Amino acid sequence: MNSRLKLFVVTLSTCLVVLLLLGAMLGAGTPAGEPYKHLSVFSEVISRIKSDYVEEPDMKNVTLGAVAGLLESLDPYASYLNPEQYKQFQKKDAMKGSVGLLLSRRFGYVGVVDAIPGSPADKAGLGTGDMLESIGGISTKDMPLAYADLLLHGEPGTNVELSVLRVRRPEPQKITLSRAAVKYPAVSAKMLDGGVGHIRAASLESGKTKEIAAAIATLQKQGMKKLVLDLRHAAAGDNEEGPALANLFVEKGVLTYLQGQKVARQDFAAVPQNVVFKDQLVVITNRGTARGAEIAAAALLDAQRAAVVGERTYGDAALRKPVLTDEGGAVILSVAKYYSPSGKAIQDVAVTPNHQVAEVQDAPDADDDTDGAAPAPAEEPKKPTEDLLLKRALEVLGGGTVQAGNPTAAKPEPVGGDKKAPSDLLTPLNVPKKNQ
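Numbering follows our numbering, in which position 278 of the sequence shown is assigned residue number 375; successive positions increment by one, without gaps.
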């Protein structure tokens, strides 16, 4: 097959994907015949571009851009993978190395939800709000999000170069990261003054709720009467852990529910015997709090079981799966969303704390004339001198100080520290069963 014929086949296949997507999207909830009007408009626009544009257009790029725009109009996570990309995507779980970034889409490029604590990306100072302009020299403009995540995976010890757009930096910053076998951080627990316990969970993968429950039991033996549950940067993990975590504190009622166009509503109800702490509780969130962690925060806030202190969460709580196309590619779609007990789609509105406090950001100075190189691996990112969010949480509780107390391990061998981090936020999930 010559190159022109290959290009024609690829372009035709992509156009068919666009038409199929448009037909499926416009066909839902519209009168008979109405979708075809929109399809005819799309077809005419493509025809006009081909015949009337100032120069002969690259129709492959035109149609791929149309697909990207179509999917981005749904949500930041929708992606189309062509057959070759989808073949690679299916092998991703076998790739043991990652840089530890959790991704979304911003302004047509790939954005960072957060970096897994301790990961290569975290050590290089990458975090919420950064944008990846290119990965391995490939522009992320209109790049499928699932494919971008795939490019960040590989064998441990291999390198990947990123061009990063950062807050208050006029030019992209070139950063080379070495992939590693990224692990979830363990739960940390310590006692502060005034009988206040502080538990921090920077991820919420399967089994993390049991680890948090064990940490609570440990602190209760040390006299804990009030608790700060710190969910900052807890972007990684499983949605199903959200209601399980909330159930440690809420005795009754619906904690969340999952619902989609073709997914019947599934309620996650509290089980009274799962409650392990009934005293005063404050939850801390920030822009890096996502998925299961924000499902838990929404449940606790709606139940008036806890005050929530900090920043608005990221807004990512949905069930996603790949839908195969006839030519062998796949469209990764959100097929159902998680809702707060009051009926708000968390992916759409996130969770807004009832005590909002802005977290100190470590953005580089605008007149910083460094060449934008990444910090040395041993160099830790600068931390604020005062933890304003924790300070406010203690004020809400009415006791405790940040400085007092020594860290206390929640368990001799924390479960979370031994678990491999997930491939990404895009791994297809199984629909969880309804709690009885």
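Even for Gly, the Cβ is constructed at its ideal location relative to N, Cα and C.
Please read all numbers here as calculations on a predicted model, not as lab measurements.
Legend entry - First through last residue of the alpha helix (DSSP H) which encompasses Met288: Taking the first residue of the sequence shown as 1, we reach residue 288 at position 191. Note, Met288: premise wrong, no alpha helix (DSSP H); beta strand (DSSP E) at 285-288.
Inset, instruction - Would you check if the distance between the CB atom of Val406 and the CB atom of Leu398 is smaller than 7 Å? - result: The sequence position of residue 406 within the sequence shown is 309, counting from 1. The sequence position of residue 398 within the sequence shown is 301, counting from 1. No; because the gap between Cβ atoms is not below 7 Å, this pair is not in contact.
Legend entry - Asn451 burial status per 10 Å Cβ neighbour count (16 or more: buried): In the sequence shown, residue 451 corresponds to position 354, counting from 1. Exposed, by the Cβ-count rule.
Inset, instruction - To the nearest angstrom, report how far apart Glu153 and Thr160 are at their CA atoms. - result: The residue you call residue 153 lines up with position 56 of the sequence shown. The residue you call residue 160 lines up with position 63 of the sequence shown. Spanning the two alpha carbons is a distance of roughly 14 Å.
Legend entry - Nearest to His485 (by Cα), restricted to the options Gly495, Leu494, Glu456, Val493: Here residue 485 is taken as the residue at index 388 of the sequence shown, counted from 1. One point to set straight first is that residue 485 is Leu, not His, in the sequence displayed. Answer by Cα proximity: Glu456.
Legend entry - Residues near Asp239 in its chain [Cβ-Cβ closer than 7 Å; skip 5 each side]: Counted from its first residue, the sequence shown places residue 239 at position 142. So the list reads Leu161, Gly162, Ala165, Gly205, once near-sequence residues are dropped.
Inset, instruction - Indicate whether Gly495 and Val432 have their beta-carbon atoms separated by less than 7 Å. - result: Along the sequence shown, read from residue 1 onward, the residue named residue 495 stands at position 398. Along the sequence shown, read from residue 1 onward, the residue named residue 432 stands at position 335. Taking 7 Å as the Cβ cut-off, Gly495 and Val432 do not qualify as a contacting pair.
Legend entry - Neighbourhood of Thr306 by C-beta, 7 Å cutoff - its chain only, sequence neighbours within 5 removed: Reading the sequence shown from its first residue, position 209 is the one you call residue 306. Its chain contains Glu338, Ala341, Leu342, Leu345 as the residues whose beta carbon lies nearer than 7 Å to that of Thr306, once the 5 sequence neighbours on both sides are disregarded; these appear in chain order.
Legend entry - Cα-Cα separation between His330 and Asp149, rounded to whole angstroms: Within the sequence shown, numbered from 1, the residue matching residue 330 stands at position 233. Within the sequence shown, numbered from 1, the residue matching residue 149 stands at position 52. Just so you know, the alpha carbons of His330 and Asp149 end up roughly 49 Å apart.
Inset, instruction - Could you tell me which residues DSSP puts in a beta bridge with Ile235? - result: One-based indexing of the sequence shown puts residue 235 at position 138. According to DSSP, residue pairing for Ile235 in a beta bridge involves Ile232.
Inset, instruction - Could you work out which residue in Lys280, Arg489, Thr315 is closest to Gly197 when comparing CA atoms only? - result: Mapped onto the sequence shown, residue 197 falls at position 100. Considering only alpha carbons, the answer is Lys280.
Legend entry - Buried or exposed by the 16-neighbour rule on C-beta atoms within 10 Å, applied to Glu408: As a first step, residue 408 is located in the sequence shown; it is residue number 311 there, counting from the start. With 16 or more neighbouring CB atoms inside 10 Å of its own CB, Glu408 falls in the buried class.
Inset, instruction - Specify the secondary structure class of Ser195 as computed by DSSP and reduced to three states. - result: Taking the sequence shown and counting its residues from 1, one reaches residue 195 at position 98. In the structure shown, Ser195 falls within a strand segment according to DSSP collapsed to helix, strand and coil.
Legend entry - Pick from Glu492, Thr386, Arg402 that is closest to Ile213, judged by C-alpha positions: Indexing the sequence shown from 1 puts residue 213 at position 116. Nearest in C-alpha terms to Ile213, of all of Glu492, Thr386, Arg402, is Thr386.
Inset, instruction - Take Val207 and list the residues in its own chain whose beta-carbon comes closer than 6 Å to its own, dropping the five residues that flank it on each side. - result: Position 110 of the sequence shown, counted from the start, is the residue given in the question as residue 207. Taken in chain order, the residues that qualify are Leu200, Leu229, Thr237, Ala245.
Legend entry - Residues that DSSP places opposite Gln270 in a beta bridge: Taking the first residue of the sequence shown as 1, we reach residue 270 at position 173. Beta-bridge pairing by DSSP links Gln270 to Val261.
Inset, instruction - Just confirm the distance between the C-beta atoms of Gly294 and Met321, as a whole number of angstroms; I'd bet it's less than 8 Å. - result: For the purposes of this step, residue 294 is identified with residue 197 of the sequence shown, where counting begins at 1. For the purposes of this step, residue 321 is identified with residue 224 of the sequence shown, where counting begins at 1. About 4 Å; that satisfies the 8 Å criterion.
Inset, instruction - Rank Leu301, Arg276, Gly226, Ala191 by C-alpha distance to the C-alpha of Ala218 and give the top, closest one. - result: Along the sequence shown, one-based indexing puts residue 218 at 121. Checking every option, the nearest Cα to that of Ala218 belongs to Arg276.
Inset, instruction - Using only alpha-carbon positions, find the residue among Lys220, Ala175, Leu247, Ile235 that is nearest to Gln182. - result: Counting from one through the sequence shown, the residue named residue 182 turns up at place 85. With distances taken between Cα atoms, Gln182 lies closest to Leu247.
Legend entry - Close beta carbons around Ile392, own chain, < 7 Å, minus the five adjacent residues each side: If you number the sequence shown from 1, residue 392 lands on position 295. The residues Asn336, Gly339, Pro340, Thr353, Ala414, Tyr435, Ile443, in chain order, have a CB closer than 7 Å to that of Ile392 in the same chain once the five nearest residues on each side in sequence are set aside.
Legend entry - Length at least 3, wholly inside the segment 159-198: the beta strand (DSSP E) runs in chain order: Taken in chain order, the unbroken stretches of beta strand (DSSP E) that lie wholly in the segment 159-198 and span 3 residues or more are 176-178.
Inset, instruction - Given a cut-off of 7 Å, decide if Ala367 and Gly350 are closer than it, judged by their beta-carbon atoms. - result: By one-based count along the sequence shown, residue 350 stands at place 253. By one-based count along the sequence shown, residue 367 stands at place 270. Against a cut-off of 7 Å, the Cβ pair of Ala367 and Gly350 comes out as a contact.
Legend entry - Cα-Cα separation, Val151 to Arg145: Walking along the sequence shown from the start, residue 151 turns up at place 54. Walking along the sequence shown from the start, residue 145 turns up at place 48. Using only the alpha carbons, I get a separation of about 11 Å.
Inset, instruction - May I have the straight-line CA-CA distance separating Gln370 from Val347, to the nearest angstrom? - result: Residue numbering aside, residue 370 sits at position 273 when the sequence shown is read from its first letter. Residue numbering aside, residue 347 sits at position 250 when the sequence shown is read from its first letter. Rounded to the nearest angstrom, the two C-alpha atoms are 10 Å apart.
Inset, instruction - Check the DSSP bridge columns for Gly208 and list the partner residues they point to. - result: Sequence index remark: in the sequence shown, residue 208 carries index 111 (1-based). Looking at the DSSP output, Gly208 shares a beta bridge with Ser201, Met228.
Inset, instruction - Note down the Cα distance separating Lys375 from Tyr411, rounded to an integer number of angstroms. - result: As a position in the sequence shown, residue 375 is number 278, starting the count at 1. As a position in the sequence shown, residue 411 is number 314, starting the count at 1. Their Cα atoms are separated by approximately 28 Å.
Legend entry - Best match in Leu421, Val325, Thr422 for proximity to Leu378 [C-alpha to C-alpha]: Position 281 of the sequence shown, counted from the start, is the residue given in the question as residue 378. When only C-alpha atoms are compared, the closest one is Val325.
Legend entry - Where Leu328 falls: helix, strand or coil (DSSP): Taking the sequence shown and counting its residues from 1, one reaches residue 328 at position 231. Three-state result, Leu328: coil.
Legend entry - Whole-angstrom C-beta distance between Gly334 and Arg388, which should lie under 8 Å: Position 291 of the sequence shown, counted from the start, is the residue given in the question as residue 388. Position 237 of the sequence shown, counted from the start, is the residue given in the question as residue 334. Indeed they touch by this definition, with Cβ atoms about 6 Å apart.
Legend entry - DSSP-derived helix/strand/coil call for Lys244: Position 147 of the sequence shown, counted from the start, is the residue given in the question as residue 244. Before going on, a small fix: residue 244 reads as Tyr here, not Lys. In this structure, DSSP gives Tyr244 a helical state, which the three-state scheme calls helix.
Legend entry - Nearest-angstrom Cβ-Cβ length linking Ala312 and Ile296, presumed shorter than 8 Å: To locate residue 312, count along the sequence shown from 1; it is residue 215. To locate residue 296, count along the sequence shown from 1; it is residue 199. In this structure Ala312 is in contact with Ile296, their Cβ atoms being roughly 5 Å apart against a cut-off of 8 Å.
Legend entry - Residue nearest to Phe365 in terms of C-alpha spacing, selected from Lys359, Val372, Leu355: For the purposes of this step, residue 365 is taken as residue 268 along the sequence shown, with counting starting at 1. Measuring from the Cα of Phe365, the nearest candidate turns out to be Leu355.
Inset, instruction - Could you tell me which residues DSSP pairs with Arg297 in its beta bridges? - result: For the purposes of this step, residue 297 is taken as the residue at position 200 of the sequence shown. DSSP lists Ser285, Asp327 as partners of Arg297.
Legend entry - Own chain, CB closer than 7 Å to Ser439, minus 5 neighbours either side, in chain order: For the purposes of this step, residue 439 is taken as residue 342 along the sequence shown, with counting starting at 1. Only residues of its own chain outside the window of five on either side were considered, and among them Asp399 have a CB closer than 7 Å to the CB of Ser439, listed in chain order.
Legend entry - Whole-Å CB distance - Pro269 paired with Lys193, under 8 Å assumed: Indexing the sequence shown from 1 puts residue 269 at position 172. Indexing the sequence shown from 1 puts residue 193 at position 96. Their Cβ separation, rounded to whole angstroms, is 29 Å, which puts Pro269 and Lys193 out of contact at 8 Å.
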